[in-house]
Amino acid sequence: MSQPIPVNETAWASATWPLGTHLGPDGVTVAVHAPAATRLQLEVYPEALGATASSVFLPARGEDGVWRAQISGIEPGALLGWRAWGPNWPYDPAWTPGSAAGFLADLDEQGNRFNPNKVLFDPYSREITHTVYTDRLADYGVNDGVFGTGGDGIEIAGLTVPRRQIDTAPYAPKGIVLPEDAAHAATAPKPHLPAEQAIVYEASVKQLTGHPSTARLRDLLAGESGFEDVADIPAEYQGTYKGAGMLAPYLKAAGFTAVELLPVHETNASESGREGKTNAWGYMTLSFFAPNRQYSADKGWGGPTREFTEMVDAFHAAGIEVYLDVVYNHTAEGGNWGGDVNTVGFTSLGGFATAEYYQMTTDKILVDGATGTSNQINYSSPVARGLVLDSLRYWCTTMGVDGFRFDLATVLGRLPADAAADDWGSLKRFFNEHPLLTGIADLAAEQDIEVIAEAWDLWGYEVGNFPRGWGEWNGRYRDAVRRFAKGDGNTGAFIDVVNGDYHHFNDNGGPQKSVNFLVAHDGFNLADLVSYPAKNNGQPAPFGPSDGGSDDNISWDSGGDQALRRQRLRNFWAILMLSRGVPMVVAGDEMGRTQNGNNNPWAIDTAAMRNNYAMLATSDPQGVPVEAGVEASYHNNLGTFDAPSGSVNPLFRFARFLMRLRHDHPALHQASWGDDQVGGDDVSYLFRTPSGEGSPQEGDRALRVLIDGPGEAFCAMINMAGDAVAFEVPGYEGDVQWRRIADTAAWAEPECNCWPEGSGQALDGEVVVAPWSVVIVHAAKT
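With the first letter of the sequence shown counted as 1, position 613 gets the number 613 in the UniProt record's numbering; the numbers rise by one all the way through.
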């Protein structure tokens with residue numbers, strides 16, 4: 001290693017440039033937050049792996065606890081790493097990489113874990129070279145165990161060495177210097193769609209286009225009007241940002257207005273999917289600024305940034321917004337290894353300022369509480385809050401995204417250790433005032449983006465408690481509709497959520513702040529919800545095995561009746577698209593995708609878990625092969641639809657019809673509640689008994705929902721009983737003609753269960769609704 005270039009104490013210590021690494025005309029500026037450190041060393045590497053530093057610099061500490069340097073001669077693509085000393089390991093001139101010189105303890109009194117043998121990357125790095133689970137470590141005879149601290153021995157090159165003394169320079173991820181214009185220059189403007197117009201499609205990047213069937217999308221969709229612009233996706237782009245962007249015409253034609261991508265931040269996962277080192281969903285974030293390199297067809301330095309922004313531009317050109325599922329509640333750095341307070345595996349945040357970034361017990365053990373991941377982030381710390389806000393701003397301005405869904409978002413607003421909440425009211429007030437939650441809401445208003453909370457964690461359930469400006473995944477909606485749709489008769493709760501959950505969201509900006517979902521990535525998908533009484537996670541590859549997964553799915557296998565399962569799938573689609581709020585569906589639910597009952601396939605990175613678009617061109621969607629050469633098959637829970645032809649998937653046509661209906665009619669996507677009267681300028685949801693006389697009572701399994709808007713009305717006749725029920729269509733003064741536009745009953749499968757407006761059966765008086773079905777009628781008012 002070369003000798004360090006001395007610090008420019010006066011110029012750098014008084015500088016104020018922002019955190020991160022930035023390449024400008026005068027060279028690179030670097031700035032990292034490490035207030036308790038006593039020395040930081042910046043190193044430049046010629047290669048990502050297997051190399052030692054070629055240049056070394058000594059930044060200066062400012063009064064704000066930030067260490068800065070400005071260095072000329074560094075070009076785009078340079079690889080940077082950091083070493084840190086502190087009170088537990090002060091600098092000793094005798095120190096060399098891999099030495100114990102200066103070592104006093106593995107952590108200081110505040111819980112910081114400084115170790116100069118462990119090379120770190122800047123938390124603000126816009127790309128990093130690799131993850132700690134990379135398969136390439138094996139080329140050097142090591143595994144991710146080298147990143148650990150502590151005194152237990154590990155064998156390296158035939159010698160047993162204390163973990164803390166292993167120099168990770170040849171192995172650690174490095175930050176990549178990118179030019180300021182590394183992102184693709186957008187050619188399409190952001191759609192800036194009103195929140196109430198969103199129909200959200202939740203998917204991982206690989207799930208969207210990682211199946212080989214995407215190579216023949218044009219043929220598969222040749223029989224579907226409106227899909228003329230779809231493109232075949234070549235093998236080299238399948239499962240990548242590039243491929244996802246190419247899918248935009250499909251999503252637009254299907255009726256979706258927003259795609260919500262499971263985490264795209266760099267995550268801990270091996271390239272080959274080694275057992276125990278796989279994370280198909282990506283909920284182990286290693287860097288809050290860097291896009292996941294595995295999802296990029298172009299894996300060169302700068303490739304993921306450019307390709308991601310090209311993908312966003314392609315979605316925007318199709319009028320589709322891009323939301324990111326983000327994980328700020330914990331990181332992939334992990335907790336204490338084996339419960340040992342001395343042993344951690346920090347490669348970034350924790351190595352610079354453990355006490356600033358992570359919550360710890362009084363014994364300095366990393367907290368394993370609300371997240372269940374052993375490394376909960378400390379949002380009592382202003383620097384941790386700043387990291388999140390800076391990351392969000394980067395992704396919505398430079399990277400172009402339109403919104404964020406926050407995993408376990410309650411962690412972001414949890415009470416600090418020295419605060420107390422003795423009652424529900426004080427807890428709610430704290431959430432409404434938490435500086436990070438309000439800061440995110442302010443950023444959302446400033447940038448005109450959506451921010452959506454998963455409003456629960458292992459410590460509590462806070463749906464409806466987030467500050468104004470936040471949307472929330474509404475678990476109450478999921479549970480109430482699931483129960484009612486299997487005949488539980490929970491009538492009051494069902495009415496509340498279909499009407500936008502007024503009691504929980506009326507003071508938060510409108511019903512569009514309730515993100516309504518029946519299924520999500522974690523849990524059954526929609527076809528499995530109607531097909532399995534319990535999870536089936538122990539099955540062999542490619543559908544399992546999986547650990548975890550909820551045992552409380554509120555599911556029903558429909559008595560094993562395939563026709564009833566198909567009918568109940570349509571019921572869920574109809575209720576979801578007619579409810580106040582924002583509907584969200586899981587990728588593949590429009591075509592009947594199944595996971596064979598696996599309700600937690602977070603580590604299953606196989607084609608079986610991706611959208612198989614061959615399902616679109618058949619009346620037997622679950623009867624198609626999983627993939628050429630794979631012996632496993634989908635469980636055929638749905639059987640064969642009674643379709644107009646064998647090449648038509650009636651579920652797909654029905655789902656598309658409902659999404660288009662919601663999109664085209666303002667009465668079905670309102671940003672405010674109406675009154676309880678017919679007429680006027682608002683849109684009212686009026687819940688009545690099937691006869692229209694009186695309100696439904698608890699235990700009723702059949703009810704009528706009149707959606708009364710200016711100039712038109714819809715009526716949903718919902719029968720979740722085991723016998724047919726006669727309904728009366730609502731009466732209006734004047735010339736009003738009701739027409740059937742959708743009927744989920746099995747008899748209508750040859751019609752794909754839907755009829756274009758104006759062409760359906762004219763109705764007057766009584767309508768008999770089949771058991772376990774929904775009829776939707778529409779009328780234009782004169």
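Every residue gets a Cβ at the ideal spot worked out from N, C-alpha and C, and that includes glycine.
Since the structure is predicted, the reported quantities are computational estimates derived from the model, not experimental observations.
The beta carbon of N636 sits closer than 6 Å to those of Q622, G623, all from its chain and outside the five residues before and after it, given in chain order. A94 and T149 have their C-alpha atoms spaced approximately 20 Å apart.
Note that the C-beta distance between R126 and L178 is below 9 Å.
Judged by beta-carbon spacing, L40 lies within the 9 Å limit of L58, meaning their Cβ atoms are closer than that value. Assigned with DSSP and collapsed to three states, F57 falls in strand. The residues N719, A721, G722, D723, A724, in chain order, have a CB closer than 7 Å to that of P771 in the same chain once the five nearest residues on each side in sequence are set aside. If one requires a minimum length of 3 residues, the beta strand (DSSP E) runs lying completely within the segment 243 to 318 are 258 to 261, 265 to 267, 285 to 291, in chain order. Membership of N719 in the beta strand (DSSP E) is indicated by the continuous run 712 to 719. Classified as exposed, T10 has fewer than 16 neighbouring CB atoms from the shown chains inside 10 Å of its CB. Residue burial annotation: H504 is buried, with at least 16 other C-beta atoms found within 10 angstroms of its C-beta.
For V200 and P690, the gap between their C-alpha atoms comes out near 31 Å. In this structure, the CA atom of Q70 is about 36 Å from the CA atom of V411. For G111, the closest C-alpha among the options G245, T361, V463 is that of T361. Within the same chain, and ignoring the five residues on either side of Y477 in sequence, the residues whose Cβ sits closer than 6 Å to its Cβ are V497, N516. The beta-bridge partner set that DSSP reports for R68 consists of A31, A60. For the segment 336 to 371, the full-length alpha helix (DSSP H) segments reaching 4 residues or more read 349 to 357 along the chain. Remark: C-beta atoms of F406 and N329 approach each other more closely than 9 Å.
P76 sits close to W301, with the two beta carbons spaced by under 9 Å. Restricting attention to V32, G523, I176, the CA atom closest to the CA of S555 is found in G523.
When DSSP states are grouped into helix, strand and coil, N432 belongs to the helix group. For A614, the CB contacts under 6 Å within the same chain, skipping 5 residues up- and downstream, are S213, V624 in chain order. Taking the Cα positions, W738 is about 32 Å away from S647. D589 is positioned such that its CB atom lies closer than 9 Å to that of N525. In this structure, the alpha-carbon of G439 lies about 23 Å from that of P291. Within the DSSP secondary-structure output, T21 pairs in a beta bridge with V30. Secondary structure note for P583: its beta strand (DSSP E) is the uninterrupted segment 582 to 586. Within the DSSP bridge table, the entry for T160 names E155 as partners. A distance below 8 Å between beta-carbons, with the five flanking residues on each side excluded, links S99 to the following residues of its chain, in chain order: N117, Q165. A185 and A453 have their alpha carbons spaced roughly 30 Å apart. In the three-state reduction of the DSSP assignment, V205 falls in the helix class. Residue pairing by DSSP places Q41 opposite R83 in a beta bridge. Across the structure, A667 and Y685 are spaced so that their CA atoms are roughly 10 Å apart.
In this structure, DSSP gives P650 a helical state, which the three-state scheme calls helix. Within the segment 430 to 472, the complete beta strand (DSSP E) runs of at least 3 residues fall at 450 to 453.
Q207 sits close to R610, with the two beta carbons spaced by under 9 Å. Y91 has its alpha-carbon roughly 8 Å from the corresponding atom of A101.
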